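Contents: one structure, followed by commentary.
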Amino acid sequence: MKKILVATEKPFAAIAVNGIKEVVGLAGLELALLEKYTSREQLLQAVADCDAMIIRSDQIDDEVFAAASNLKIVVRAGAGYDNVDLEAATRRGIVVMNTPGQNANAVAELVLGLLVFGYRNFYDGSSGKELQGKKLGLLAFGNVGRNVARIARGFGMEICAYDPFCPSDVMEAVGVQPVSGQEDLFATCDIVSLHIPATPETVKSIHYDLIMKMKPGAVLINTARKEVVDEEGLLRAMNERHDLKYLTDVKPATHNAFTEQCTGRYFATPKKMGAQTLEANTNAGIAAARQIVAFFQDGCTRFQVNK
Ligand code: 3PG
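Each residue of the sequence shown is one higher than the last, beginning at 5 in my numbering.
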């Protein structure tokens, strides 16, 4: 019987795990759980006899693959797969998939929640600002960006986006104004929300010069990956521009420096919270389980990200 391991350092909600159990059980597969693990050793031991894995932001590299001699498929229950060594997986003939879109609404809701929080000065009792009428710039118009646009419309915001991989008419069809480049987005928007993946091209792409182009009183919000922001450049910009705010769901490596130097203009969630909802856990977890079942039953490789 094939064994599916759910290895999640940051666990799914219990209801999501029950949903995964049901899908796996109905397909006649065995489920093993390694939740909230605290050491690499635990992970390396748990993978030893599994045929498939469901993971979240867990670091899956060649050492893990080497310890998992039966492993055929890893499904990242979520969008970003920068935590998986794709090259090593391909070399070992292991299929890697993600579950695109399944947690996009959860991340998008957090964006608007953080924005209200930031615009109201972190609820410190002082007079804040409203989102209505403000110009929101989305850097990338994928699943999360599109959901942010949908919700932001309800707030009465003006929305524009830059995404070299998304045709203008797709944006225009939902009332989003395409802009010609990221400089333009940073220079013209009151708020810039990052929705780019971490790739060799995007790492540290949000740099000092770009941030310094932002409008007076602008807010930068990052629910994507910390690696896309050049932290040193951002800190320098925020020290020179006391009107800028940074809200992030991905705690910077230099969190203490931001806390000390940007008091009242910086907020980071203690843990990555974007996809941490019952609904997102359920959607992404069950999608991952179904993709594994389809892979073993029919050889289905839809959503494979290493080819
Ligand atoms: C994603 O890429 O899907 C999100 O960043 C969610 O990550 P998480 O599963 O670690 O919460």
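Beta carbons: idealized from backbone N, C-alpha and C, even for Gly.
Note that the structure is a prediction, hence the values are computed from the model and not measured.
- Looking at the DSSP output, M277 shares a beta bridge with no other residue.
- Per DSSP, the continuous beta strand (DSSP E) segment holding E162 begins and ends at E162 to Y166.
- Residues G137, K138, K139, L140 and Q181 of the same chain have their beta carbon placed closer than 8 Å to that of E162, with the five preceding and five following residues left out of the count.
- Residue side-chain check: K276 places its Cβ nearer than 7 Å to a non-hydrogen atom of the ligand 3PG.
- DSSP places N310 in no alpha helix (DSSP H); its state is neither H nor E.
- Residue range N147 to G158 is occupied by the alpha helix (DSSP H) that includes G149.
- Less than 8 Å divides the Cβ of A72 from the Cβ of A52.
- Here S172 carries a helix assignment [DSSP, helix/strand/coil].
- P104 and F299 have their C-alpha atoms spaced approximately 17 Å apart.
- Relative to the Cα of K40, the nearest Cα in the group R294, P168 and A11 belongs to A11.
- Cβ-Cβ distances below 8 Å link N147 to A83, P104, G105 and A108 in the same chain, with the five nearest sequence neighbours on each side left out; the list follows chain order.
- Between A31 and K7, the gap from beta carbon to beta carbon reaches 8 Å or more.
- The beta carbon of N74 sits closer than 7 Å to the beta carbons of D53, C54 and D55 from its chain, once the five residues preceding and following it are set aside; these are given in chain order.
- The Cβ atoms of V99 and Q308 lie closer than 8 Å to each other.
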